[in-house]
Amino acid sequence: MTAVAWIVFFSALAVSMGWALGRRLGLSGLAPAQQVVFAGGLGIVAESYAVLALGVLGCLRPLPLTAVLAALFALSLWLNARSGALAGAASALKKAPAARVWRDPALILPVLLAAAVLVFSLLIALAPPAQQSDALCYHLELPKQYVRAGRFFTVPYSPNAYMPFFMEMLFTAGLLLQGPQLAALFQWMLGVLTAAGVFALARRGGSRPAALFAGVLFLATPGIFNNMSTAYVDVALACFTFLAAGALALAIEEMRKGLALTAGVFAGAAAAIKLTGLVAVAVPALWGLAALRRRGPKAGNPAGWLLLFLGGAVLSGGFWYARAAAATGNPFYPYLNELFGLPLASKIRHSDIGTPLNLFFFVSLPWNVVVVPKWFDPGMGERLSAVYLGLLPLALWGAKPRWFSLAVLMMAAHATLWFFGNQTLRLLFAAVPFWACLAALGFDRVRSFSAPVRTFAITWCAFFMLFDTAALAYRAKGFAPVVTGAQEERAFLSSREPSFQAAQWINSNLPASAKVLSIWERNLFYLARPAVREDQFRLEEKYVQAIGESGALAPFLRRQGFTHVLLRAPSRQGVAGALGEWFDAPYRALWEEALLGGKGATLAHESPPVSQWGEPVRYFVFRLEPS
Amino acid sequence: MGLDEPARARGPHMSKRKRPTFTEFAWVAWLLAVGVCYAASVYVPEVRGVLGR
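Chains as they are written, first to last, in the working numbering: chain A, 1 to 627; chain B, 1001 to 1053.
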């Protein structure tokens, strides 16, 4: 419940701060729904940078953070009260359309559906994170280290240390004020904001029922609601990508230059969440230039618009790229290292994911991602609703609003990058809000159809959305006991997260001064001792050169400060099999001599087999003997 | 233009027609195809996919 209270506070703070900022950034006079959504987006950018500023100053502790957040809230409320916005909001609330929902049967079903999705995904988000590899490996692992150190710093031997960490700053606040549950709720909050954004922007050129339908469809998408309840960043990326494109389209349509700056801030935030967020900078900028050219001289100098948009992007995203460039020489580190003459980062690829790279599979991509999700899902429940595909043909003909070409361009850009890059479905989520807007166009087309077809189509859409929501409800059932306290967190995690068991043993048996080198296990979030991933340590130190092929490994590791080695054996083959699979020669020989030959290392713990992804895994902890 | 924009921008009104056109029939066939294939893909391992792990 603390986590829910905090996220309500963060949401209110975001809207309040964003509203105060937005008066100077072209938000005044927009439709109320658009104003609230854009204000929320701006406020979340401010929240992330407030945490970063505290981190850089070395003040990452609960009290200073709470004080800064409270001060920002008070300041923004004062600014809003002075500008009359608070009084305006109060009177607008009195006239809010909420009461009409219960009198209009066409509104009841979508509103109830959205409420069900929000409640069930919230329930899952409130459980401690298990089987969420990227969250336990770095989205939460690095914030855990910032919280421990009380400051933001470059985590040594982490391939993720220089990645843009916009969301991880919010996750840091989550860990500091409550725990990993609050961190996950930031993604949940951004999912709600995206749905509201889809509603607010699909209204341009669409009917209100269609816009409402699109917002609910976005929420009731299995991939989206499953991702919303984790401390991942894919829904957050979808949110800011969509807000950037939507704000720029609106800015040009209504000739609001200030809004172009706001759009740039959103684009920069998208780029500060994930490198693929750069699409949100490049594509809208090019589209905007073309749109301004079409408008002719009355639109003013396109260069001025571009400068505002890119200026906003540099303001909200530039820091992370400048930092990576200054430290490593590559602003996109650890990606594109080959372009900058740096060693390639180690990475584990899902080699069994995706389709062959040919024209047939590229053209059939919209069909495949909806109908054959198993090709693209590594096991996180990543799936799109059948409704997207059902309504797609209708969106492609008939009158189209001005934003249509931008939505299609954004989808095409993401789809192309994704198809030739990593075909994991969640990496395509940034295209989903745009697809939801196309579904709104299709929905309006259905409204003009004959009564029997209209009834069939609406029943068809409702059936599939209810089906996916029922699956969510069924899944949430497994999380209810731990959230309500009927099941202990420890028992919940022991049965679901293999790395938790290894971490528990290490936390209760190793001294506080222990330092662990981890082979195979990347999910180190639950470890309360400092730990380093062996693959990155090897990449940076190339230690076989320092030791020599016939030298002793254990004394070298001791000199580096390591006291223990954690080994996850992913097969039934035990230590020898794990070393054989993980290391190439000559590293394998060094490790076999140390761990199997007993030269300087002794076995301290061997776990019983636990199941991960249907495979038994076993953990071994070796003590490195002082020389 | 916002929530209270003029009726012109509120999108098409509900049609009173009873007889479907050929295009509408073709689209219903598409819906059925998508629906059947989507449902068919939800066999047991896929349900695990939808539900997450």
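All C-beta atoms in this analysis are idealised placements derived from N, C-alpha and C, irrespective of residue type, glycine included.
For the beta strand (DSSP E) that A:Ala569 lies in, which residues bound it at each end? Note, A:Ala569: beta strand (DSSP E), 564 to 569.
Between the CA atoms of A:Lys542 and A:Pro498 - distance to the nearest angstrom: Cα to Cα, the separation comes out at about 29 Å.
Sort out for me which residues DSSP pairs A:Ala531 with in a bridge. For A:Ala531, which the question treats as bridged, DSSP gives the partners A:Val516.
In chain order, what residues of the same chain have a beta carbon less than 7 Å from the beta carbon of A:Phe376, not counting five sequence neighbours either side? These residues qualify, in order along the chain: Ile353, Gly354, Val369, Glu382, Gln423, Thr424, Leu425.
Could you check the C-alpha separation between A:Lys274 and A:Pro222 for me, to the nearest Å? Rounded to whole angstroms, A:Lys274 to A:Pro222 spans 21 Å at the Cα level.
So, under 8 Å CB-CB, A:Val281 and A:Leu219 are touching, yes? Tell me the CB distance rounded to an integer number of Å. Not confirmed; about 26 Å, so no contact.
Beta-carbon neighbours of A:Trp628, restricted to chain B and to distances below 7 Å: Because chain A is modelled from 1 through 627, residue 628 of chain A falls outside the range shown and cannot be assessed.
If we ignore side chains and look at the alpha-carbon of each, how far apart do A:Gly215 and A:Leu193 end up? Annotation: A:Gly215 to A:Leu193 spans about 10 Å, alpha carbon to alpha carbon.
Alpha carbon to alpha carbon, how far is A:Ala395 from A:Gly442? For A:Ala395 and A:Gly442, the distance between alpha carbons rounds to 4 Å.
How is A:Thr221 classed by DSSP in three states: helix, strand or coil? A:Thr221: coil per DSSP, three-state reduction.
Taking just the CA atoms, how far does A:Val51 sit from A:His350? Its pLDDT being 46, under 50, A:His350 is placed unreliably by the model, and the measurement read from it follows with that caveat. Going by the C-alpha atoms only, they are around 33 Å apart.
How should A:Leu524 be labelled, buried or exposed, when 16 other C-beta atoms within 10 angstroms of its C-beta is the threshold for buried? Per the 10 Å Cβ criterion, buried.
On the CB-based measure, 16 or more other CB atoms within 10 Å of its CB, does A:Glu47 come out buried or exposed? With 16 or more other Cβ atoms inside 10 Å of its own Cβ, A:Glu47 counts as buried.
For A:Gln545, count neighbouring C-beta atoms within 10 Å of its own C-beta (all shown protein chains included) and say buried if the count is 16 or more, exposed if not. Looking at its Cβ environment, which holds fewer than 16 other Cβ atoms inside 10 Å, A:Gln545 is exposed.
Contact defined as beta carbons within less than 8 Å: I believe A:Phe620 pairs with A:Val575. What is the distance between those atoms, to the nearest angstrom? Contact flag correct, Cβ pair sits at about 6 Å.
List the endpoints of the continuous beta strand (DSSP E) containing A:Leu624. It spans 615 to 624 - the beta strand (DSSP E) in which A:Leu624 sits, taken as one unbroken run.
Which chain B residues sit within Cβ distance under 9 Å of A:Val371? The contacting residues are Val1034, Cys1037, Tyr1038, Ala1040, Ser1041.
Using a Cβ-Cβ cut-off of 6 Å (strictly less than) and excluding sequence neighbours within five positions of A:Leu190, which residues of its own chain qualify? Excluding positions up to five away in sequence, the list reads Val235, Ala236, Cys239.
Identify, in the order they occur along the chain, each residue of the same chain with its Cβ nearer than 7 Å to the Cβ of A:Leu640, setting aside the five sequence neighbours on each side. This structure cannot settle anything about residue 640 of chain A, because the visible part of chain A is limited to 1 through 627.
Residues, ordered as in the chain, of the region 374 to 394 of chain A that lie near chain B by beta-carbon distance below 7 Å: Cβ contacts with chain B come from Lys374, Asp377, Gly379, Met380, Gly381, Arg383, Ala386, Leu389, Gly390, Pro393, Leu394.
Within-8 Å CB hit, A:Arg568 to chain B: So, not an interface residue.
In chain B, what lies closer than 7 Å to A:Val453 by C-beta? Ordered by position in chain B, the residues that pass the 7 Å Cβ test against A:Val453 are Pro1020, Glu1024, Val1028.
Taking 8 Å as the threshold (beta carbon to beta carbon), is A:Ala558 in contact with chain B? Reading the sequence as shown, one finds Arg at residue 558 of chain A and not Ala. Chain B contact via Cβ: absent.
A:Lys144 and A:Leu175: beta carbons closer than 8 Å? In this structure, the beta-carbon distance from A:Lys144 to A:Leu175 falls below 8 Å.
The alpha helix (DSSP H) enclosing A:Thr194, as first and last residue numbers: Where A:Thr194 is concerned, the enclosing alpha helix (DSSP H) starts and stops at 180 to 202.
Tell me the DSSP secondary structure of A:Gln612 in three-state form. Three-state DSSP puts A:Gln612 in a strand.
Under 9 Å between beta-carbons, which chain B residues line up against A:Ser121? List them in chain order, please. By Cβ distance, chain B contributes nothing, its closest Cβ being about 11 Å from A:Ser121, past 9 Å.
Out of curiosity, what's the CA-to-CA distance linking A:Val37 and A:Leu201? Distance between the alpha carbons of A:Val37 and A:Leu201 is about 10 Å.
Ends of the alpha helix (DSSP H) at A:His414? Start and end: 404 to 420.
Sequence-distant residues of its chain with Cβ nearer than 6 Å to A:Ser316 (five each side left out): Val45, Val265, Gly268, Ala269.
Please check the pair A:Gly206 and A:Ala440, which I expect to be a contact at CB under 8 Å, by giving their CB distance rounded to whole angstroms. With 8 Å as the limit, A:Gly206 and A:Ala440 qualify as a contact, their Cβ atoms being about 5 Å apart.
From A:Phe622, A:Phe213, A:Leu75, A:Ala33, pick the residue whose C-alpha is nearest to that of A:Ala436; which is it? Per the Cα distances, A:Phe213.
Starting from A:Ala688 and walking both ways along the beta strand (DSSP E), at which residues does that stretch end? The question about residue 688 of chain A has no answer here: the residues shown for chain A are numbered 1 through 627.
Taking Cβ-Cβ distances shorter than 7 Å, what residues in chain B pair up with A:Ala665? Since the first residue shown for chain A is 1 and the last is 627, residue 665 of chain A is missing from the structure and cannot be characterised.
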